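*Asks:* Supplied in structure tokens, the structure appears directly below.
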Amino acid sequence: MFRYYLDLAMRSLMRNKVLTALMVVAIALGIGASMTTLTVLHVLSGDPLPGVSGSLFYPQVDPRDMDGYDASKPLPEQVTWIDGMNLLHARRADRQALMTGGAVPIQPAQSGIEPFYSDARYTTSDFFPMFRVPFLYGHGWNPSDDESRARVVVITRSLNDKLFGGKDSTGQTLRMKDTAFRVIGVLDSWRPNPHFYDVNTGRYSNSEDVFVPLGASRDAHLDHDGSTDCWGTGGGDEEHAETEPCVWLQFWVQLDSPDKVAAYREFLTHYSQEQKALGRFARPVKVGLPGLMEWMDINKVVPGDVRLQTWLAFGFLLVCLVNTIGLMLAKFLRRAGELGVRRALGASKREVFAQLMVESAVIGLAGGLGGLLLAFGGLWLVRRQPSDYASLAHLDPTMLLATFVLAIGATLLAGLLPAWRACQIAPALQLKSQ
Amino acid sequence: MQIKPILSALRRHKAGTFLIAMQIALTLAIVCNALFIIQQRLAHLAEPSGLDEPNIFVIQNEWVGASTPEQLDAKMREDLGVLRALPGVQDVTLSNSYPLRGGGWDDGVKLTADQVQDTTGATIYFADERFIDTLGLKLIAGRNFRAEEITPMNVRDRLGPPVVMVTKALADKLFPAGDAVGKTIYLVGGPTTIVGVVDLLQAQSVDRWAQSFAYRSVIVPKRLAISLGVFYIVRTQPGQLDAAMRAAPKALFAHNPRRVINDEDGVLSFKEVRAKAYERDRGMAILMGLICVTLLAITAAGIVGLTSFWVGQRRKQIGVRRALGATRQDILEYFLTENLLISCGGALFGVLLAVAINLWLVTRFELHRLSLVYLLMGVVILLLLGQGAVLAPAMRASRVSPVEATRSV
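Line by line, the protein sequences are chains A and B. Residue 502 is where the first sequence starts when you use my numbering, and the numbers rise one by one after that. Residue -5 is where the second sequence starts when you use my numbering, and the numbers rise one by one after that.
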């Protein structure tokens, strides 16, 4: 029966090519626009560390003075050196890492490669196991290297390819800002999106090429890059950043169970009370412990324009669907005579309805195919844009499937009203006027 | 034209009428808001920077190796000499940032020392005595910096220069009476005296976070001595820009090779800077425009399709009317009026929908309120579109001959 309906649908669609084309094109445009924007949104709001992000948290305390105090304003987005170090050394979480961004001049030993600047991350040893960073060669550094401020460095695969021709470079020396660092590890390809651990240094940018122990970066006077927020007497003094009243570091913790999260929140409160008693903190105690995805929401990591475009595309799809409903209504009612004959020959309302829905689904399938092509075109255009997320805009299998589900589902929905109306036709009336 | 028969005819096509009206309403709501967003983005694009843009380019210079701030300062001053000696170069200055760059230093400005809240935020531009002339700014009150006032500033210093210049926008905000020159203001590092006011100088970013202090800038007589990200701003003689842009990095490397000037964006003409700063706005405006045009086309096609169907369905009635004495003109007017009635209903609902969508956008995307002009514009566009779309089927209807009335009865 289905094949017969399919045959009828094809005949009917071929009979009025302009109308069919109009419906298919409208669906294709709506689906193409929606899928393009939805894919971008899907990529941008994705989980940077699937399976791990649920146990990562971003502690916040408020060390600022009372100047401009407003209880409704958010907590500082980063921590000071003193608080970061205190929290790090307290070791109250399963894992914890303190970090900040920077840029370093790399002075290759090989002749033929000019010196160049590379983005860097200055961090502590737990960074690698906590974020499940994959290693190609070697390993990260130990807590003892953090303490001794060892001159060691972990580089990415792409930098290793550039400097050492892709060979195992552990044990080699890398000169940065006139200081020699020993390479102890090379990362495998790793690019979490969004760049969640520091949203101030590019939200979807490539992650850094160089990872250096935080202490060693201070000793070697490597330049800090990223946001620095100061208050009171703070002037953002780079050389004395350890004691300045400025927040410029990110602190992440791994907490493996809800109990531990509650306990850590408690710990942060106690810590703030203690600091207040010591006179370091002035404001009423308020702490934050957002999870990774929550932190992404708070920071509005997904650009507003992208969300606006998605809404716009769905509005567009809605108009296309209303348009299709109207056209299908016209088409189905025009065939009242034919449907009347089928009813008179014994087809039930249900069978006529099924036949018309098959016809809608065919239109949906064709529209979905067209929409898919348009989405590929749209994403190609997005990738040619200079925004930092451009290279991420690709259709994955989930979105591919979603395209067809959306297209056929939407067209079936659009077909419901016209098909129902067409079923209501009294066969006798149609036969009489033939 | 009698409206009553049209209404009673429409009552027999409730679904179709409702669908066309809905489509017009949705299209109107989207098009109004899209046009409004386009206009806002274009207006944003047209904001002046205050610079002599066609003749300016910027070099981002980063040093390799460890140096003391004193050494860095000396190296930068040598570089200025090298650039100044290039043919076609009119003037050179250096700064921590420049308008439209996308990021930089902003800080609070206060009117008194013990003030808790800042009076306003402002962009901080580091400058030497050549800054104003190089950028092509207009000094409207007071004086420029003197060469001896320019001091190096390294990362250990706090920002507290004895004198500053401010933009007119900032002067007007701080001293509405227009007597800013000679007045004292407080920066993060202490009090300072305003010695000059320049007319226009845009902030380093055109993004939303910098909107509250868009044209409010403080120009401080400092050379920033850090190894990262100092910018040489070069103004060339008219027509000499391309040649100077090619020559400048070569000359700098010849003088001192221990530096990095990025191949991709180390040397940028101001035209490129502007294109980069606004590329998102321009992209959004183009996208909105495309969506509008496609939407209108689809809606027009939908109206043509549905009206054609109605005409086909009513051939017999049209024939009867023609036989009873209605002219072609009457038939044409009938369909045009019918469409106008539906469009008006749709437009009415569409206006409400447009305002509702706009109010929602205002809360979620920090847009402005939709102005009435855009609503009117949208209504006019859609009414014209509806009439245009219905014209072809209506013409076809008017050609139905009275003979049709006699057929198949």
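Note that the Cβ used here is the ideal one computed from N, Cα and C, for glycine as well. The model shown is predicted, which means the values in this text are computed figures rather than measured ones.
(1) Answer yes or no: do residue 941(A) and residue 701(A) have a C-beta to C-beta separation smaller than 7 Å?
(2) Are there 16 or more other CB atoms within 10 angstroms of the CB of residue 632(A), so buried, or fewer, so exposed?
(3) Alpha carbon to alpha carbon, how far is residue 141(B) from residue 246(B)? Give it in angstroms, no decimals.
(4) What first and last residue would you give for the alpha helix (DSSP H) that runs through residue 505(A)?
(5) With DSSP run on the structure shown, which of helix, strand or coil describes residue 126(B)?
(6) Would you identify the three-state DSSP class for residue 935(A), choosing helix, strand or coil?
(7) Between residue 732(A) and the rest of its own chain, which residues show a CB-CB distance below 7 Å, the 5 nearest in sequence each way excluded?
(8) Helix, strand or coil: how does DSSP classify residue 109(B) here?
(9) Just to confirm my understanding: we take residue 525(A), look at its own chain, exclude 5 residues before and 5 after, and list those with CB closer than 7 Å. What are they?
(10) Indicate whether at least one CB of chain B lies closer than 7 Å to the CB of residue 800(A).
(11) DSSP on residue 119(B), reduced to helix/strand/coil?
(12) For the pair the stretch 58 to 69 of chain B and the stretch 230 to 243 of chain B, tell me if three or more CB-CB distances fall below 8 Å.
(13) Relative to the C-alpha of residue 709(A), which residue among 659(A), 677(A), 751(A) is closest?
(14) In terms of DSSP beta bridges, what is residue 147(B) paired with?
(15) Measuring straight from C-alpha to C-alpha, what distance separates residue 351(B) and residue 27(B)?
(16) Look at the alpha carbon of residue 291(B) and the alpha carbon of residue 787(A), and state the distance between them as a whole number of angstroms.
(17) So what's residue 30(B) in DSSP terms, helix, strand or just coil?
(18) In terms of alpha-carbon separation, which member of 285(B), 279(B), 280(B), 330(B) lies closest to residue 304(B)?
(19) Would you say residue 919(A) and residue 833(A) are within 7 Å of each other, going by their C-beta atoms?
(20) Are the Cβ atoms of residue 29(B) and residue 368(B) separated by less than 7 Å?
(21) For residue 608(A), which beta-bridge partners are listed by DSSP?
(22) Quick check on the DSSP output: the beta strand (DSSP E) that includes residue 190(B) runs from which residue to which?
(23) Under 8 Å Cβ-Cβ, which residues of chain B neighbour residue 826(A)?
(24) In the DSSP assignment, find the unbroken beta strand (DSSP E) run with residue 321(B) in it and report its ends.
(25) Which residues mark the beginning and the end of the alpha helix (DSSP H) in which residue 567(A) is found?
(26) Taking contact to mean 3 or more Cβ pairs, one atom from each stretch, closer than 8 Å, check whether the stretch 186 to 198 of chain B and the stretch 77 to 94 of chain B are in contact.
(27) From the DSSP secondary-structure annotation, give me the bridge partner or partners of residue 750(A).
(28) Quick one: which unbroken beta strand (DSSP E) runs of 3-plus residues sit fully inside the stretch 32 to 57 of chain B? Chain order, please.
(29) Just verifying my parser: in three-state terms, what is the DSSP assignment at residue 651(A)?
(30) On the criterion of 16 or more Cβ atoms from any shown chain inside 10 Å, does residue 725(A) qualify as buried, or is it exposed?
(31) Counting Cβ pairs closer than 8 Å, one from the stretch 809 to 828 of chain A and one from the stretch 11 to 21 of chain B, do we hit at least three?
(32) Where does residue 203(B) land, buried or exposed, given buried means 16+ other C-beta within 10 angstroms?
(33) Roughly how many whole angstroms lie between the Cα atoms of residue 391(B) and residue 39(B)?
(34) How about residue 855(A): is its C-beta nearer than 7 Å to some C-beta of chain B?
(35) Mind checking if residue 935(A) is an interface residue toward chain B, Cβ cutoff 7 Å exclusive?
*Replies:* Let me lay it out:
(1) The shown model of chain A, from 502 to 935, leaves out residue 941(A), and the question about it has no answer.
(2) Here the question's residue 632(A) lines up with position 131 in the first sequence. Buried, since its Cβ has 16 or more Cβ neighbours within 10 Å.
(3) Residue 246(B) sits at position 252 when you count from the first residue of the second sequence. Residue 141(B) sits at position 147 when you count from the first residue of the second sequence. It is roughly 23 Å from the alpha-carbon of residue 246(B) to the alpha-carbon of residue 141(B).
(4) Taking the first residue of the first sequence as position 1, residue 505(A) is located at position 4. Unbroken alpha helix (DSSP H) run through residue 505(A): 503 to 516.
(5) Start at 1 with the first residue of the second sequence, and residue 126(B) comes out as number 132. When secondary structure is reduced to three states using DSSP, residue 126(B) falls in the helix class.
(6) Reading the first sequence from its first residue, position 434 is the one you call residue 935(A). Unreliable positioning characterises residue 935(A) in this predicted model, as indicated by a pLDDT of 48, which lies under 50. The coordinate reading is nonetheless provided below. Residue 935(A): coil per DSSP, three-state reduction.
(7) What you label residue 732(A) is simply residue 231 of the first sequence in a count that begins at 1. The beta carbon of residue 732(A) sits closer than 7 Å to the beta carbons of 565, 566, 568, 746 from its chain, once the five residues preceding and following it are set aside; these are given in chain order.
(8) Within the second sequence, numbered from 1, the residue matching residue 109(B) stands at position 115. Residue 109(B) falls in the coil class under three-state DSSP.
(9) In the first sequence, the residue the question calls residue 525(A) occupies position 24. Closer than 7 Å at Cβ, skipping near neighbours: 864, 867, 868, 871.
(10) Locating residue 800(A) in the first sequence gives position 299, counting from the first residue. Residue 800(A) is outside the set of residues whose beta carbon lies under 7 Å from a beta carbon in chain B.
(11) In the second sequence, residue 119(B) corresponds to position 125, counting from 1. Residue 119(B) falls in the strand class under three-state DSSP.
(12) Three or more beta-carbon pairs separated by less than 8 Å are not found between the stretch 58 to 69 of chain B and the stretch 230 to 243 of chain B, which leaves the two stretches without contact.
(13) Within the first sequence, residue 709(A) is the residue found at index 208, counting from 1. The residue with the shortest Cα to Cα distance from residue 709(A) is 659(A).
(14) Numbered from its first residue, the second sequence carries residue 147(B) at position 153. According to DSSP, which records beta bridges pairwise, residue 147(B) is partnered with 218(B).
(15) The count along the second sequence starts at 1 and reaches residue 351(B) at position 357. The count along the second sequence starts at 1 and reaches residue 27(B) at position 33. So the alpha carbons of these two residues sit roughly 8 Å apart.
(16) By 1-based counting over the second sequence, the position of residue 291(B) is 297. By 1-based counting over the first sequence, the position of residue 787(A) is 286. So the two alpha carbons sit approximately 55 Å from each other.
(17) Start at 1 with the first residue of the second sequence, and residue 30(B) comes out as number 36. The answer is helix: DSSP assigns residue 30(B) an H, G or I state.
(18) The count along the second sequence starts at 1 and reaches residue 304(B) at position 310. When only C-alpha atoms are compared, the closest one is 330(B).
(19) Working through the first sequence from its first residue, we reach residue 919(A) at position 418. Working through the first sequence from its first residue, we reach residue 833(A) at position 332. With a cutoff of 7 Å on beta-carbon distance, residue 919(A) and residue 833(A) are scored as near each other.
(20) Counting from 1 along the second sequence, the entry for residue 29(B) is found at position 35. Counting from 1 along the second sequence, the entry for residue 368(B) is found at position 374. Judged by beta-carbon spacing, residue 368(B) lies within the 7 Å limit of residue 29(B), meaning their Cβ atoms are closer than that value.
(21) Within the first sequence, the letter at position 107 stands for residue 608(A). Note: residue 608(A) sits in a beta bridge opposite 676(A).
(22) Residue numbering aside, residue 190(B) sits at position 196 when the second sequence is read from its first letter. Looking at the DSSP string, the run of the beta strand (DSSP E) that includes residue 190(B) is 184 to 192.
(23) Against the first sequence, residue 826(A) aligns to sequence position 325. Residues of chain B with a Cβ closer than 8 Å to the Cβ of residue 826(A) are, in chain order, 13.
(24) Locating residue 321(B) in the second sequence gives position 327, where the first residue counts as 1. Neither: residue 321(B) is in no beta strand (DSSP E) and is coded neither H nor E.
(25) Working through the first sequence from its first residue, we reach residue 567(A) at position 66. That residue, residue 567(A), is in no alpha helix (DSSP H); it is neither H nor E in DSSP.
(26) Counting C-beta pairs closer than 8 Å gives three or more between the stretch 186 to 198 of chain B and the stretch 77 to 94 of chain B, which meets the contact rule.
(27) Within the first sequence, residue 750(A) is the residue found at index 249, counting from 1. Note: residue 750(A) sits in a beta bridge opposite 580(A).
(28) 50 to 57, all fully within the stretch 32 to 57 of chain B.
(29) In the first sequence, counting from the first residue as 1, residue 651(A) sits at position 150. The answer is coil: DSSP assigns residue 651(A) none of H, G, I, E or B.
(30) Here the question's residue 725(A) lines up with position 224 in the first sequence. Counting of Cβ neighbours within 10 angstroms places residue 725(A) among the buried residues, the total reaching 16 or more.
(31) Cβ pair count under 8 Å is three or more, so yes.
(32) The count along the second sequence starts at 1 and reaches residue 203(B) at position 209. That one is exposed.
(33) Residue numbering aside, residue 391(B) sits at position 397 when the second sequence is read from its first letter. Residue numbering aside, residue 39(B) sits at position 45 when the second sequence is read from its first letter. Their backbone Cα atoms lie some 48 Å apart in a straight line.
(34) For the purposes of this step, residue 855(A) is taken as residue 354 along the first sequence, with counting starting at 1. Chain B places no beta carbon closer than 7 Å to that of residue 855(A), leaving this residue out of the contacts.
(35) The residue you call residue 935(A) lines up with position 434 of the first sequence. Any reading at residue 935(A) needs caution, since the residue's pLDDT is 48, under 50, leaving its predicted position unreliable; the model's value is listed next. For residue 935(A), the answer is no, since every Cβ of chain B falls outside 7 Å of its Cβ.
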